[in-house]
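Chemist: Chains as they are written, first to last, in my numbering: chain A, 29 to 340; chain B, 28 to 358.
Questions regarding the structure given below will be posed in turn.
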């Protein structure tokens with residue numbers, strides 16, 4: 029896949045330019061009090077590719093997602109989507125209508141709507157969604173039927189068609205993820221942003237979910253997804269962006285990302301291979317000592333090992 | 028005990044002017060809470076502002092009744108905008124606090140001494156409703172009805188007009204809620220962020236819902252004031268809102284016909300409990316001390332309250348609700 033990818037031969041360095049970016053982010057900063065949650069200098073996302081956004085917990089991935097999709101407001105920064113600058117006061121509904129759709133880490137299935145109603149909510153520009161025209165059924169019923177036919181097609185593809193009339197709340201966790209993705213497709217997106225699409229999904233469903241993600245790319249959509257499972261990242265992504273402490277610290281094809289020293293540092297700690305200083309050694313010893321005392325108090329019957337007592 | 032009289036009174040109460048006012052107001056509340064998830068604890072504020080809008084524009088500005096009617100409903104639109112603009116971007120509970128406060132502010136302002144010459148202070152506004160009775164086909168001194176269900180002409184007129192309006196707004200809500208517009212409202216009720224992520228302007232839809240339900244509430248207020256031929260500030264006190272909530276929950280939240288059925292049942296139950304209690308006292312089964320003086324009213328509400336508590340335990344979804352739907356949890 030990498031040989032035919034438009035990303036082949038791109039230098040693996042953070043903020044590098046892509047041949048055909050659909051999304052360009054510049055100087056995006058978000059602070060929570062004194063904490064800089066997101067600080068992205070420059071990032072380009074290649075059109076028609078699957079880009080994985082990874083990073084340790086608390087790296088700012090979801091916050092970055094929220095900033096890009098208008099659910100959170102950046103302190104500064106600019107976004108250019110498909111050649112059009114979007115400004116900083118983005119509203120999620122406007123961005124969705126522009127063709128940028130997202131899913132959520134904690135699935136937001138509309139519990140008390142049927143699966144089909146969930147799907148039919150997707151398309152923008154529905155005539156029946158206006159207050160006055162809503163009362164006159166002939167004005168929107170043809171469009172509604174067309175949307176329903178399309179929704180049934182997508183549901184069949186995601187193997188949810190038997191559930192079409194069930195409440196979305198009766199679906200399993202994995203099926204909800206599928207429904208959320210299917211519903212997002214109903215908006216005709218150009219860019220699909222998936223926040224941990226496989227979290228809490230059983231392995232069999234994960235497999236089919238990933239196939240759907242690849243299918244989206246093959247249909248010409250651009251996909252960005254946040255993921256923790258490195259196997260998943262290696263399997264489906266064309267490009268990997270790594271965040272740590274709010275910043276983009278590395279970008280590379282999936283095969284190379286594991287060997288990048290900054291990535292290893294970010295995941296395992298910067299000093300994982302350097303020896304401890306004298307103070308740190310004492311600190312660690314102190315902790316061990318306390319732990320041993322605590323254990324001894326918890327189990328007064330157990331006689332402490334004599335050698336260990338002497339050693340301390 | 029005279030069971031025939033007890034049942035007759037219960038039926039009359041269930042179809043009375045009060046019941047129809049509650050039914051209409053509950054239809055509005057159903058739009059807010061049942062379909063959009065908006066917590067409006069000040070529905071009576073919409074009723075009051077519209078009733079005063081009608082009363083003041085007739086007594087102070089000699090407006091013709093049809094114009095006063097429109098002004099009354101526009102006042103409800105304005106109130107919805109005023110309440111919605113600052114709160115609808117925030118979490119649902121903010122609207123709840125603001126609406127309950129606003130409804131009391133409205134009542135206290137209209138009954139204030141400073142505005143006595145304009146809104147009548149605590150006496151309210153009288154002598155404005157005659158214009159609405161020119162279309163009354165019934166003789167005020169005659170009784171109308173069928174069998175033993177009989178009411179005087181003026182009340183027959185209000186009941187007829189009121190229930191017609193109640194059915195009209197219910198059909199309107201039914202038309203809207205089966206449309207894609209209604210689907211957007213329901214999606215906001217389920218998860219506002221999901222609706223926004225799909226390109227729906229949740230704020231604007233919530234505003235439309237607040238206005239629609241508020242105007243329907245205003246209609247209820249106008250029916251009440253015209254029916255009583257007076258706008259009394261203390262007819263619009265907070266408990267009214269909570270009785271309307273009770274009627275709605277009794278019927279089943281988010282169902283088209285539940286506000287109407289809930290209001291009828293609510294008033295039927297009130298009358299039944301009252302009359303049966305009196306009957307039991309008369310026959311000596313219950314000591315007279317229980318209902319002596321003004322205690323009867325309190326005891327009646329205790330019984331109704333107990334009934335509601337039992338309903339919540341055994342049928343939390345109300346008459347029309349679907350228990351399975353209600354029990355769906357968010358994961």
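From the three backbone atoms N, C-alpha and C, an ideal C-beta is built for every residue, glycine too.
Mind listing the chain B neighbours of residue 150 of chain A? Cutoff is C-beta to C-beta under 7 Å, in chain order.
Modeler: Chain B residues near residue 150 of chain A: 225.
Chemist: Residue 334 of chain B by DSSP, collapsed to three states: which one?
Modeler: Of the three classes helix, strand and coil, the one that applies to residue 334 of chain B here is helix, per DSSP.
Chemist: Taking 8 Å as the CB-CB cut-off, is residue 158 of chain A touching chain B?
Modeler: Output row for residue 158 of chain A: interface = yes.
Chemist: Thinking just about the alpha-carbon of each residue, which of B:91, B:98, B:132 is nearest to the one in residue 110 of chain B?
Modeler: Considering only alpha carbons, the answer is B:132.
Chemist: Check residue 139 of chain B in the structure and name its three-state DSSP category.
Modeler: Reduced to three states, the DSSP call for residue 139 of chain B is coil.
Chemist: When we look at the beta-carbon of residue 161 of chain B and count the other beta-carbons within 10 Å, is it buried (16 or more) or exposed?
Modeler: By the neighbour-count rule (16 or more Cβ atoms within 10 Å), residue 161 of chain B is not buried but exposed.
Chemist: Taking Cβ positions, are residue 206 of chain B and residue 115 of chain A nearer each other than 8 Å?
Modeler: No. Outside cutoff.
Chemist: Could you round the C-beta distance between residue 177 of chain B and residue 184 of chain B to whole angstroms and report it? I think they count as a contact, below 8 Å.
Modeler: Not quite, the Cβ-Cβ distance comes to about 14 Å (not below 8 Å), so this is no contact.
Chemist: DSSP state of residue 257 of chain B, grouped into three classes?
Modeler: DSSP places residue 257 of chain B in strand when its eight states are reduced to three.
Chemist: Going by DSSP, what residue range makes up the alpha helix (DSSP H) through residue 44 of chain A?
Modeler: Neither: residue 44 of chain A is in no alpha helix (DSSP H) and is coded neither H nor E.
Chemist: Hey, could you find the ends of the alpha helix (DSSP H) residue 39 of chain B is sitting in?
Modeler: Where residue 39 of chain B is concerned, the enclosing alpha helix (DSSP H) stretches over 30 to 41.
Chemist: Using only CA atoms, which one of B:135, B:56, B:120, B:175 lies nearest to residue 35 of chain B?
Modeler: Among B:135, B:56, B:120, B:175, the Cα nearest to that of residue 35 of chain B belongs to B:175.
Chemist: Look at the alpha carbon of residue 423 of chain B and the alpha carbon of residue 57 of chain B, and state the distance between them as a whole number of angstroms.
Modeler: As shown, chain B starts at 28 and ends at 358. That puts residue 423 of chain B outside it, with no answer to give.
Chemist: Would residue 49 of chain A and residue 75 of chain A qualify as a contact pair, given that the criterion is a beta-carbon distance under 8 Å?
Modeler: For residue 49 of chain A and residue 75 of chain A, yes; Cβs fall inside 8 Å.
Chemist: Could you spell out where the alpha helix (DSSP H) holding residue 341 of chain A opens and where it closes?
Modeler: Residue 341 of chain A cannot be examined here, being either before or after the span of chain A that is shown, 29 to 340.
Chemist: At a Cβ threshold of 8 Å, is residue 124 of chain A touching chain B?
Modeler: By this cut-off, residue 124 of chain A is an interface position.
Chemist: Evaluate the contact criterion for the stretch 42 to 54 of chain B versus the stretch 178 to 198 of chain B: three or more CB pairs, one atom per stretch, below 8 Å.
Modeler: Flag = yes, the stretch 42 to 54 of chain B and the stretch 178 to 198 of chain B touch.
Chemist: Flag this pair as touching only if the stretch 50 to 57 of chain A and the stretch 191 to 200 of chain A have three or more C-beta atom pairs under 8 Å; answer yes or no.
Modeler: No, they do not touch.
Chemist: At a Cβ threshold of 8 Å, is residue 230 of chain A touching chain B?
Modeler: Judged by the 8 Å Cβ criterion, residue 230 of chain A is not in contact with chain B.
Chemist: Is the stretch 210 to 223 of chain B close to the stretch 55 to 69 of chain B, with three or more CB pairs under 8 Å?
Modeler: Result yes; three or more Cβ-Cβ pairs closer than 8 Å.
Chemist: Thinking just about the alpha-carbon of each residue, which of B:90, B:86, B:74, B:119 is nearest to the one in residue 105 of chain B?
Modeler: Cα-wise, what sits closest to residue 105 of chain B is B:74.
Chemist: Provide the residue(s) that pair with residue 279 of chain A in DSSP beta bridges, ordered along the chain.
Modeler: A:269, per the DSSP bridge assignment.
Chemist: Excluding the 5 residues flanking residue 336 of chain A on each side, which residues of the same chain have their C-beta closer than 6 Å to its C-beta?
Modeler: Because residue 336 of chain A carries a pLDDT of 48, less than 50, the predicted location of this residue cannot be relied on, and the following value inherits that uncertainty. Same-chain partners within the cutoff: there are none.
Chemist: Taking the straight line between their C-alpha atoms, what separation do you get for residue 133 of chain A and residue 324 of chain A?
Modeler: Roughly 43 Å separates the two Cα atoms.
Chemist: Can you pull the chain A neighbours of residue 214 of chain B, defined as C-beta to C-beta under 9 Å?
Modeler: Per Cβ cutoff of 9 Å: 138, 141, 145, 146, 149.
Chemist: For residue 171 of chain B, which beta-bridge partners are listed by DSSP?
Modeler: For residue 171 of chain B, which the question treats as bridged, DSSP gives the partners B:178.
Chemist: CA-CA distance, residue 264 of chain B and residue 54 of chain B?
Modeler: C-alpha separation (whole angstroms): 19 Å.
Chemist: By DSSP, does residue 65 of chain B sit in helix, in strand, or in coil?
Modeler: In the structure shown, residue 65 of chain B sits in coil (DSSP, three-state: anything other than H, G, I, E or B).
Chemist: Taking residue 106 of chain A as part of the beta strand (DSSP E), name the residues at either end of that continuous run.
Modeler: From DSSP, the beta strand (DSSP E) with residue 106 of chain A extends over 104 to 109.
Chemist: Leaving out five residues before and five after residue 182 of chain A in sequence, what residues of the same chain have Cβ atoms less than 7 Å from its Cβ?
Modeler: Correct list, in chain order: 147, 210, 213, 214.
Chemist: Would the stretch 299 to 307 of chain B and the stretch 321 to 340 of chain B be scored as touching if the rule is three or more Cβ pairs under 8 Å?
Modeler: The stretch 299 to 307 of chain B, when compared against the stretch 321 to 340 of chain B, does touch it at the 8 Å Cβ threshold.
Chemist: How close, in whole Å, do the beta carbons of residue 169 of chain B and residue 140 of chain A come, if the pair is a contact with beta carbons under 8 Å?
Modeler: So it is not a contact: roughly 49 Å between Cβ atoms.
Chemist: Do the stretch 232 to 241 of chain A and the stretch 266 to 281 of chain A make contact, defined as three or more Cβ pairs closer than 8 Å?
Modeler: Touching, no.
Chemist: Going by the beta-carbon positions, is the gap between residue 52 of chain A and residue 275 of chain A smaller than 8 Å?
Modeler: No; because the gap between Cβ atoms is not below 8 Å, this pair is not in contact.
Chemist: Got a sec: is the Cβ-Cβ distance from residue 402 of chain B to anything in chain A below 8 Å?
Modeler: Since the first and last residues shown for chain B are 28 and 358, residue 402 of chain B lies out of range.
Chemist: Can you grab the Cα-Cα spacing for the pair residue 186 of chain B / residue 340 of chain B, in whole Å?
Modeler: Approximately 34 Å, taken between the alpha carbons.
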